[in-house]
Amino acid sequence: MHKESISELNRLFQAGQFNEELLASLRSDERKGVQQLIAKYEKQQLKLQAFQQRHAEMTIYEQSYYKQGMTYIAGVDEAGRGPLAGPVVAAAVILPSDFLLLGLDDSKRLTEAKRNDFFHYIKEHAISYGISIVESEMIDQMNILEATKYAMQEAIGKLEPVPEHVLIDAVELEQLALSTEAITKGDAKSISIAAASVLAKVTRDQYMKQLHRQYPMYEFASNMGYGTEQHFKKLQEYGVCPQHRRSFAPIKQMIY
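Mind the numbering: the sequence shown is residues 43 to 298 in the numbering used here, read in order.
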């Protein structure tokens, strides 16, 4: 009986042609390389099943509204409420009911490379998305919570069609004339909010990297404006810049 070489089996594995039928025929093959491929395939399948289960869990909110006859369910999230510098960014997104992006989760749980990949995929496959950036000066004028709400409402306003229901990460938007639902830790519970969290996070990170070129002394490309030990050292050395939030206590204490 002809046995495929290890290199041929590895080629099939890499090409995604390693399946259960082939696996069954190889289980009695005692070659070490074959057993390693079997173990690798089984590990891959377990990971795929975990992603599929996670996806099912994260679509529960959306599915409940689809069953009520709704089509356009928006997810909303923000990035940048806590930093000492830079904007707060909000994103709103409406995904199609059959949207599938295995591995999508709260943006903070993803690697930067994965976030960037997902960012482009979400923008390409969403029914609609909107992104709003509120600068530090406006944050100082409004306070961070109101600035966040403003950014979220602006992002929602950019959606076309108008959503029938809006799922929001934690924040109540009382002034929004739409059906809404604030979900605590929603970016880990709703696929739509998770998608919005990726759009918001990547947009803000890109903004801070551009800001780094203007103010390299603060290392914004690595700290993203957050109050890291490194950032505080730079503040002590160089003082504040126009992008720092003067209403935030550590900055306020330095300038008054």
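Glycine included, each C-beta is placed from N, C-alpha and C at the ideal position.
Could you say if the stretch 204-212 and the stretch 105-116 meet the contact criterion of at least three C-beta pairs nearer than 8 Å? Counting Cβ pairs under 8 Å, three or more are found: they touch.
Runs of 4 residues minimum, wholly inside the stretch 218-271: which ones carry the alpha helix (DSSP H) assignment? As far as the stretch 218-271 is concerned, its whole alpha helix (DSSP H) runs of at least 4 residues are 233-256, 262-265.
Give a yes or no on whether the C-beta atoms belonging to D247 and A236 are separated by under 7 Å. The sequence position of residue 247 within the sequence shown is 205, counting from 1. The sequence position of residue 236 within the sequence shown is 194, counting from 1. Their beta carbons are not under 7 Å apart, which means D247 does not touch A236 by this criterion.
Looking at C-alpha atoms only, which residue of K191, K156, R73 is the closest neighbour of I173? On the sequence shown, position 131 is the one that residue 173 refers to. Nearest to I173 by alpha-carbon distance, out of K191, K156, R73, is K191.
Would you check if the distance between the CB atom of I198 and the CB atom of A238 is smaller than 7 Å? Residue numbering aside, residue 198 sits at position 156 when the sequence shown is read from its first letter. Residue numbering aside, residue 238 sits at position 196 when the sequence shown is read from its first letter. Result no, Cβ atoms of I198 and A238 do not sit closer than 7 Å.
Closer than 7 Å by C-beta to I136: which residues in its own chain qualify, once you throw out the five before and the five after it? Chain order, please. Position 94 of the sequence shown, counted from the first residue, corresponds to residue 136. Closer than 7 Å at Cβ, skipping near neighbours: Y114, I115, A116, A168, I169, S170, L201, P205.
Using only alpha-carbon positions, find the residue among G124, L79, K251 that is nearest to N52. Taking the sequence shown and counting its residues from 1, one reaches residue 52 at position 10. Considering only alpha carbons, the answer is L79.
Apart from the five residues on each side of it in sequence, which residues of its chain come closer than 8 Å, Cβ to Cβ, to A212? Looking up residue 212 in the sequence shown gives position 170. Around A212: A224, I225, T226, K227, G228.
In angstroms, rounded to a whole number, what distance separates the CA positions of G58 and A263? Here residue 58 refers to the residue found at position 16 of the sequence shown. Here residue 263 refers to the residue found at position 221 of the sequence shown. Straight-line Cα distance between these residues: approximately 37 Å.
Check whether the stretch 99-108 touches the stretch 138-147, counting contact only when three or more Cβ pairs, one atom from each stretch, lie closer than 8 Å. Cβ pair count under 8 Å is three or more, so yes.
Segment limits, alpha helix (DSSP H) that includes A212: Taking the first residue of the sequence shown as position 1, residue 212 is located at position 170. Neither: A212 is in no alpha helix (DSSP H) and is coded neither H nor E.
Close beta carbons around G124, own chain, < 6 Å, minus the five adjacent residues each side: Counting from one through the sequence shown, the residue named residue 124 turns up at place 82. So no residue of the chain qualifies.
Beta-carbon proximity list for V76, same chain, < 6 Å, skipping 5 on both sides: For this step, residue 76 is matched to residue 34 along the sequence shown. Within the same chain, and ignoring the five residues on either side of V76 in sequence, the residues whose Cβ sits closer than 6 Å to its Cβ are L68.
Three CB pairs or more closer than 8 Å across the stretch 253-269 and the stretch 280-288: In this structure the stretch 253-269 lies against the stretch 280-288, because at least three pairs of beta carbons, one per stretch, are closer than 8 Å.
Grab me the residues of N61's own chain with a C-beta within less than 8 Å of its C-beta, minus the 5 sequence neighbours each way, in chain order. Reading the sequence shown from its first residue, position 19 is the one you call residue 61. Excluding sequence positions up to five before and after N61, its CB lies less than 8 Å from no other CB in the same chain.
Through-space distance from D182 to L126, alpha-carbon basis: Position 84 of the sequence shown, counted from the start, is the residue given in the question as residue 126. Position 140 of the sequence shown, counted from the start, is the residue given in the question as residue 182. So the alpha carbons of these two residues sit roughly 11 Å apart.
DSSP three-state assignment for Y114, whether helix, strand or coil: As a working note, residue 114 is residue 72 in the sequence shown. In the structure shown, Y114 sits in coil (DSSP, three-state: anything other than H, G, I, E or B).
According to DSSP, simplified to helix, strand and coil, what is L102? Locating residue 102 in the sequence shown gives position 60, counting from the first residue. For the record, residue 102 in the displayed sequence is Ile; it is not Leu. Note: I102 maps to helix in three-state DSSP.
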